[in-house]
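Read the structure below first, then the notes.
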Amino acid sequence: MKTLRDLLPSNTIETIGNLNIEITGISYDSRNIKKGNLFVALSGNNIDGSVFLNDAIKNGAVAALLEENTKKVDIPLVKVSNARAALSELSAKFYDNPSEKLKLIGITGTKGKTTISYMVQSILNVAYGKAFRMGTIDYDMVDEVIQAKNTTPESLVIHSLLAKALKNGVKQGVMEVSSHALKMWRVENISFSVAGFTNLSLEHTEFHPNMEDYYNAKKRLFTELPFKDKKNVIGIDNEYGKKLADDCKKAGLDVVTLSLNSKEADIYAKNAIVKGSESSFILCCKGKEKKCKINLGGNYNVFNALMAAGLCNVLGIDLDTISKGLEALKAVPGRLEAIENKKGINVIVDYAHSPDALKNVLMALRPVTEKKLISVFGCGGNRSHEKRPIMGKTALEYSDIVVVTSDNPRNEVPQTIIDEIMVGINSVGIPENKKVLQIVDRKEAIFKALDLAEAGDTVLIAGKGHEIGQYFADKTIHFDDREIARSYFSE
Numbered sequence: 015m016k017t018l019r020d021l022l023p024s025n026t027i028e029t030i031g032n033l034n035i036e037i038t039g040i041s042y043d044s045r046n047i048k049k050g051n052l053f054v055a056l057s058g059n060n061i062d063g064s065v066f067l068n069d070a071i072k073n074g075a076v077a078a079l080l081e082e083n084t085k086k087v088d089i090p091l092v093k094v095s096n097a098r099a100a101l102s103e104l105s106a107k108f109y110d111n112p113s114e115k116l117k118l119i120g121i122t123g124t125k126g127k128t129t130i131s132y133m134v135q136s137i138l139n140v141a142y143g144k145a146f147r148m149g150t151i152d153y154d155m156v157d158e159v160i161q162a163k164n165t166t167p168e169s170l171v172i173h174s175l176l177a178k179a180l181k182n183g184v185k186q187g188v189m190e191v192s193s194h195a196l197k198m199w200r201v202e203n204i205s206f207s208v209a210g211f212t213n214l215s216l217e218h219t220e221f222h223p224n225m226e227d228y229y230n231a232k233k234r235l236f237t238e239l240p241f242k243d244k245k246n247v248i249g250i251d252n253e254y255g256k257k258l259a260d261d262c263k264k265a266g267l268d269v270v271t272l273s274l275n276s277k278e279a280d281i282y283a284k285n286a287i288v289k290g291s292e293s294s295f296i297l298c299c300k301g302k303e304k305k306c307k308i309n310l311g312g313n314y315n316v317f318n319a320l321m322a323a324g325l326c327n328v329l330g331i332d333l334d335t336i337s338k339g340l341e342a343l344k345a346v347p348g349r350l351e352a353i354e355n356k357k358g359i360n361v362i363v364d365y366a367h368s369p370d371a372l373k374n375v376l377m378a379l380r381p382v383t384e385k386k387l388i389s390v391f392g393c394g395g396n397r398s399h400e401k402r403p404i405m406g407k408t409a410l411e412y413s414d415i416v417v418v419t420s421d422n423p424r425n426e427v428p429q430t431i432i433d434e435i436m437v438g439i440n441s442v443g444i445p446e447n448k449k450v451l452q453i454v455d456r457k458e459a460i461f462k463a464l465d466l467a468e469a470g471d472t473v474l475i476a477g478k479g480h481e482i483g484q485y486f487a488d489k490t491i492h493f494d495d496r497e498i499a500r501s502y503f504s505e
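Laid out in structure tokens, this is it:
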């Protein structure tokens with residue numbers, strides 16, 4: 015049994031009422047409150063959760079935690095300086111700090127987190143029999159799979175899932191850690207055994223005012239969060255990775271460096287052979303070597319495999335087990351996912367939605383493309399404007415035909431987003447041997463790209479990957495790039 019007194023967070027400013035009342039559960043959504051629960055009023059972008067306090071009480075809340083104590087109610091109140099930070103701390107207390115009893119790997123960076131998390135889970139499954147994974151696509155907790163609303167869920171959700179994993183005998187897992195989560199105190203009281211950094215590139219400018227803020231958010235996973243005996247595996251093929259490795263070493267932290275091909279790193283690859291749907295390489299890990307194979311193409315996926323290997327190795331897993339785990343993973347949803355067809359067209363769906371990610375996947379596909387490389391992509395609304403012209407230039411440089419379309423326009427006008435992408439394309443000019451089309455409707459755009467393709471061509475459908483919805487200002491519709499592509503061939 016936990017009382018309100020037991021759960022009081024360290025940033026408590028004031029309390030009113032009986033602190034010895036029993037708390038049966040916690041919720042930050044008044045609609046999900048049950049009898050005996052503590053209601054935590056979070057501040058949102060447009061509204062403060064305290065406006066739902068009376069609704070929470072009607073649904074059974076016996077106490078509330080909030081930032082502004084202006085309500086006159088008959089239940090105990092706890093005023094705090096930061097409700098989100100408080101939620102993280104009291105969630106850890108309520109569930110008895112489950113992360114401290116787990117082997118938990120956290121991964122952050124702009125690109126590669128999801129693929130690496132799948133690779134890590136596969137290795138952990140071979141090493142321990144079962145392991146959970148939490149990330150962009152879903153939260154696979156072994157006994158159940160929950161569709162993800164956020165790459166990293168709210169702190170309360172994380173602690174509840176970790177506690178459930180422990181209860182079910184699953185004592186190891188991996189988790190993607192987004193910059194949003196790091197800035198919004200979602201992982202503040204999570205104890206990671208190992209933390210990994212992949213890279214950092216232009217993204218999320220709608221949330222981070224500049225790259226320094228973006229970097230500092232990622233850095234928190236390594237330098238500010240609980241790190242008793244924590245190992246840090248850092249990719250140094252990116253300037254921000256080199257900076258992070260230096261910053262961590264200066265702070266006296268345990269750092270293992272990783273590179274795709276630099277022998278100066280603690281972990282690197284040699285003799286890599288990269289094909290369209292598979293790759294092999296020799297994993298060089300702190301003086302030891304092991305030949306590995308993965309069922310994914312592209313040099314960037316070799317890097318992802320190195321990161322997965324490094325994270326698991328510092329956790330204590332041997333290279334033989336790591337090699338078996340990497341090869342056991344057959345595919346990652348929406349990441350270089352091939353769409354079978356009888357026309358001899360290489361159709362690939364990929365989540366690439368940043369300039370570097372789009373460049374990487376196009377470069378990976380070019381060597382396995384016999385004839386034309388056709389790309390279909392757009393950019394999300396209410397997201398980074400800066401990357402749009404860059405992605406346009408990237409698509410034009412590495413594709414023979416570019417079809418610019420909608421992604422998730424959200425509250426923006428789809429054509430306006432396309433116009434911003436076209437700024438980058440028009441700035442360099444369209445060569446005579448290339449073609450650029452603008453088609454707002456994403457299904458029509460995919461169908462047009464496939465119409466233009468013939469045997470030996472590659473069609474990349476980029477941006478949405480595993481997603482099964484398309485988000486507009488006034489509605490969300492079911493939309494899956496993979497289904498659309500398959501429907502084209504069935505028709």
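Position in the sequence shown (first residue = 1) + 14 = the working numbering. C-beta atoms are modelled at their ideal positions from N, C-alpha and C, and glycine is treated no differently.
Apart from the five residues just before and just after residue i, which ones in its own chain have a Cβ nearer than 6 Å to its Cβ?
i: residue 339; result: 136, 137, 140
i: residue 267; result: 246
i: residue 487; result: 425
i: residue 107; result: 21
i: residue 130; result: 121, 318, 321, 322
i: residue 482; result: 494
Would the beta-carbon of residue i fall within 8 Å of that of residue j?
i: residue 276; j: residue 304; result: no
i: residue 210; j: residue 247; result: yes
i: residue 202; j: residue 102; result: yes
i: residue 51; j: residue 63; result: no
i: residue 37; j: residue 70; result: no
i: residue 405; j: residue 126; result: no
i: residue 152; j: residue 182; result: no
i: residue 118; j: residue 207; result: yes
i: residue 218; j: residue 228; result: yes
i: residue 73; j: residue 47; result: yes
i: residue 369; j: residue 408; result: yes
i: residue 41; j: residue 105; result: no
i: residue 315; j: residue 503; result: no
i: residue 470; j: residue 385; result: yes
i: residue 150; j: residue 215; result: no
i: residue 451; j: residue 417; result: yes
i: residue 239; j: residue 204; result: yes
i: residue 67; j: residue 53; result: yes
Please determine, among the options, the residue with the shortest C-alpha to C-alpha distance to residue i.
i: residue 461; options: 388, 216, 409, 485; result: 388
i: residue 425; options: 392, 371, 485, 412; result: 485
i: residue 421; options: 406, 446, 400, 455; result: 455
i: residue 453; options: 472, 471, 431, 445; result: 431
i: residue 367; options: 226, 443, 478, 297; result: 478
i: residue 223; options: 435, 400, 450, 374; result: 400
i: residue 297; options: 144, 335, 260, 473; result: 335
i: residue 472; options: 433, 414, 482; result: 414
i: residue 499; options: 491, 458, 489; result: 458
i: residue 145; options: 326, 28, 333, 238; result: 326
Could you name the residues of the same chain whose beta carbon sits closer than 8 Å to that of residue i, not counting the 5 residues immediately before and after it, in chain order?
i: residue 122; result: 190, 191, 192, 193, 196, 209, 210, 211, 212, 232, 235
i: residue 549; result: A question about residue 549 goes unanswered here, because the residues of the chain that appear run from 15 up to 505.
i: residue 256; result: 250
i: residue 31; result: 77, 89, 90, 91
i: residue 341; result: 306, 307, 308, 309
i: residue 180; result: 112, 115, 116
Alpha carbon to alpha carbon, how far is residue i from residue j?
i: residue 186; j: residue 329; result: 10 Å
i: residue 128; j: residue 165; result: 9 Å
i: residue 353; j: residue 308; result: 19 Å
i: residue 43; j: residue 253; result: 41 Å
i: residue 501; j: residue 428; result: 24 Å
i: residue 178; j: residue 362; result: 36 Å
i: residue 111; j: residue 147; result: 18 Å
i: residue 292; j: residue 379; result: 12 Å
i: residue 345; j: residue 318; result: 13 Å
i: residue 61; j: residue 360; result: 47 Å
i: residue 35; j: residue 109; result: 17 Å
i: residue 350; j: residue 364; result: 5 Å
Which residues in the same chain as residue i place their Cβ atom closer than 7 Å to its Cβ, once the five residues preceding and following it in sequence are excluded?
i: residue 220; result: 396, 397, 398
i: residue 301; result: none
i: residue 411; result: none
Note the first and the last residue of the continuous alpha helix (DSSP H) segment covering residue i.
i: residue 262; result: 253-264
i: residue 156; result: No alpha helix (DSSP H) contains residue 156, which DSSP labels as neither H nor E.
i: residue 133; result: 127-142
i: residue 97; result: 97-108
i: residue 345; result: Taken as a continuous stretch (DSSP letters only), residue 345 belongs to no alpha helix (DSSP H), as it is neither H nor E.
i: residue 462; result: 456-466
For the beta strand (DSSP E) that contains residue i, what are its first and last residues?
i: residue 147; result: 146-148
i: residue 287; result: 281-288
i: residue 189; result: 186-190
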